[in-house]
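Here is the structure we will look at, set down as structure tokens.
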Amino acid sequence: MGSLTIRNAAHVRSRQAVNHFTTSPRIVPAIFAVALTLRILSVVFLPIEPDSDALWYLLRAGEMAEGGGYQESGHPTAFWPVGYPALLAASMTIFGPSLFGPILLNLAAVALKLWLILWFSRRLELGEAIGRGAALLYALYPSHIVYVGTAASEVTATAITMAAMALLLAARGRIGLSLFAGLVFGVATLTRPQTLLFAPLLIALMWLTLRSYGWRRALVSGVACYGALMLVVLPWTARNAMVLGAPVLVSTNGGVALQAGANRLADGGYFQVEKSALWQDTGIDFRRRVQDQVEMDRRLKAMAIDWIKANPADWFLLGFRKIAALWGKDSDAFWSLDASHAQWKPVWTGVKAANQLYYLGLLALGALALSIGARAAWRRDMRVAPLLIVGAMPFFCTALAFGFTGQTRYHFPAMPFMCIAAAYAIARLSRARQEAQKTALAG
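Just so you know, we're using UniProt numbering here: the sequence shown kicks off at 1 and counts up by one.
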């Protein structure tokens, strides 16, 4: 009898804790405070020296802020998308040539992502507890805490794309909001060109899982969204035509990305063609890679397509290795941290191990939730089917990796959504456990 009373009391306390977490007006501000405080502490006490991509972005942004335009070594460029350097340039114009503006931009992006995690959970009617749980999971996510200290495009680009997704989801076929979503998708495309391909997947999942979202609304959403998107992108394409001599839609690094995952030396992960024996096949002098970037892009695409045509089975099988490389680990945020604070390498080894366990937990729980959503969509259970929309970005990242290359950091945009899915799985498992306890108590 005493044991039964203890279990019953524990069950009541558990329900009270969940109810407090779900209803207290203090919880959401506390989550935001925890998320931003952890990231600010990371920036202050573990400053990261810009290198690699981040250093390139900062150099280009500094030149843009000084009125030099988007160029490299005195030559106009579009090798990497202009969106993020332009945002960095704006922050430097306001706050001066330092890391303060870029880091403030990252912190604003984190706040927006947290708000959007809550918004998606509520809009898809997953429950307030799930939204708050997902926001907390993201707030405590180690690698995404560290990322804020770098001038990497992932943090800001993900926030912009999530905002565009939210607008398209809120539009439900209404022209005005669909146009607005397209404008934001346009900005996201100038930051990450692959975003150009994302809206059809999102619209398809909305059509599949949302009540009263028929093919007519889907068509209106798609046409309005892409019309507005091109209004943002095409002026940049015109600029490229004028200064590069070719109407490059966004950037000239598409050939590099495609060829990295379609050649005889590729292993599915990070690949640098310029440091391989394949570079000589381009016929491009590496010292002229900026001046000849359009031709370099064309030749690398041709090399990749020729290899795929000649080796279709090898390319197809390589796609699964790319997916494994994409999702296998989550250590990319710590590369710059290792370099900037090498004296604490043993500490970072432990932190990376803890982060990997956290990440794998998110993946396992998220995969469980998305399988529940897929099953509900198959059975036309429209109460649960909208959960599948959370999988749009993870599915998209996986498809991109299969076609291009599976670098670790390319799963970054999927992780806020995997936090939502993981929170759903935790709630579902917790509910099942509580029901089992109630049955046991009743028995």
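Beta carbons are placed, not taken as given, at the ideal position from N, Cα and C, and that holds for glycine.
Those residues which DSSP pairs with residue i across a bridge
i, result
"Gln71", "Pro76"
Residue of the options minimising C-alpha distance to residue i
i, options, result
"Ala377", "Leu208, Ser430, Gly391, Gln407", "Leu208"
"Glu66", "Ile372, Met303, Pro81, Thr93", "Thr93"
"Ala324", "His341, Pro102, Leu363, Leu59", "Leu363"
"Leu59", "Ala163, Phe185, Ala89, Leu388", "Ala89"
"Ile305", "Leu201, Gly173, Tyr410, Gly403", "Gly403"
"Arg123", "Phe417, Pro386, Trp80", "Pro386"
"Phe316", "Tyr84, Ala432, Ala401, Val250", "Ala401"
"Gly261", "Glu435, Gly350, Asp314, Ala163", "Asp314"
"Leu118", "Asp53, Pro29, Arg174, Gly373", "Pro29"
"Pro193", "Gly319, Gly391, Val294, Val250", "Val250"
"Met206", "Arg239, Leu388, Ile426", "Leu388"
"Tyr57", "Ser91, Ile27, Gly245", "Ser91"
"Val232", "Asn253, Ala238, Leu183, Pro247", "Leu183"
"Pro230", "Leu196, Leu202, Ser212, Gly245", "It should be pointed out that residue 230 corresponds to Met in this sequence rather than to Pro. For Met230, the nearest C-alpha among the options comes from Leu196."
"Val248", "Ala170, Val82, Lys275", "Val82"
"Val243", "Asn19, Leu190, Gly69", "Gly69"
"Leu190", "Asn253, Leu202, Leu99", "Asn253"
"Arg299", "Glu125, Phe334, Leu258", "Leu258"
"Met415", "Arg375, Leu429, Tyr358", "Tyr358"
"Ala163", "Ile145, Arg174, Val146, Gly186", "Gly186"
"Ser24", "Met64, Glu128, Ser98, Gly62", "Glu128"
"Met64", "Ser52, Ala54, Leu87, Asp53", "Leu87"
"Gly62", "Met393, Arg431, Pro85, Val294", "Pro85"
"Leu99", "His411, Ala54, Phe21", "Ala54"
"Gly268", "Pro312, Gln407, Gln16, Val44", "Gln407"
"Ile372", "Gly245, Arg15, Leu278, Arg428", "Arg428"
"Ala188", "Arg211, Thr156, Leu370", "Thr156"
"Leu169", "Ile145, Ser212, Arg288, Ala134", "Ser212"
"Ile27", "Pro97, Leu105, Ala277, Trp115", "Trp115"
"Gln71", "Gln291, Lys301, Ala399, Arg379", "Gln291"
"Leu318", "Ala310, Lys275, Thr405, Ala302", "Thr405"
"Ala320", "Trp348, Ala266, Lys301", "It is worth fixing the name first, because residue 320 is Phe in this sequence and not Ala. Minimum Cα distance to Phe320 is reached at Ala266."
"Met393", "Arg379, Gly131, Tyr410", "Tyr410"
"Arg174", "Val146, Ala159, Ile203, Ile308", "Ile203"
Burial state of residue i, where buried means 16 or more other Cβ atoms lie within 10 Å
i, result
"Trp236", "buried"
"Phe180", "buried"
"Thr161", "buried"
"Leu41", "exposed"
"Leu234", "exposed"
"Pro200", "exposed"
"Met296", "buried"
"Pro142", "buried"
"Lys352", "buried"
"Glu154", "buried"
"Met382", "exposed"
"Asn355", "buried"
"Asn263", "buried"
"Val256", "buried"
"Gln343", "exposed"
"Phe198", "buried"
"Trp215", "exposed"
"Asn19", "exposed"
"Ala339", "exposed"
"Ser52", "exposed"
"Gly101", "buried"
"residue 494", "Past the boundaries of the shown model lies residue 494; the chain is included only from 1 to 443, so the question cannot be answered."
is_contact[residue i, chain D] using C-beta, thresh 8 angstroms
i, result
"Val18", "Protein chain content of the structure displayed is limited to a single chain, and chain D is not contained in it."
Contact test: residue i Cβ vs the ligand NAP heavy atom, cutoff 7 angstroms
i, result
"Glu49", "As for the ligand NAP, it is missing from this structure, which has no ligand bound."
**Message:** Quick check for students: name the residue ranges of the alpha helix (DSSP H) that lie wholly in the region 122–171, counting only runs of 4 or more.
**Reply:** 128–139, 142–146, 153–171
**Prompt:** Are the region 149–165 and the region 36–50 touching by the rule of at least three beta carbon pairs closer than 8 angstroms?
**Reply:** yes
**Asked** Along the chain, which unbroken stretches of the alpha helix (DSSP H) at least 4 residues long are found entirely within the region 345–378?
**Response** Correct list: 345–378.
**Message:** Does the structure place the region 27–44 close enough to the region 103–113 that three or more beta carbon pairs sit under 8 angstroms?
**Reply:** yes
**Message:** I'd like to know if the region 407–426 and the region 132–146 are in contact, where contact means that at least 3 CB-CB pairs between them fall below 8 angstroms.
**Reply:** yes
**Prompt:** Curious, which full-length alpha helix (DSSP H) runs of at least 4 residues does the region 33–104 contain?
**Reply:** 52–65, 83–95
**Request:** Quick one: which unbroken beta strand (DSSP E) runs of 3-plus residues sit fully inside the region 372–416? Chain order, please.
**Result:** Within the region 372–416, no run of beta strand (DSSP E) at least 3 residues long lies entirely inside it.
**Request:** Determine contact between the region 220–235 and the region 163–179, defined as no fewer than three beta-carbon pairs at a distance below 8 angstroms.
**Result:** yes
**Asked** Are the region 72–91 and the region 239–257 touching, with three or more C-beta to C-beta distances below 8 angstroms?
**Response** yes
**In chain order, each beta strand (DSSP E) run of at least 3 residues that lies wholly inside the region 260–294** = none
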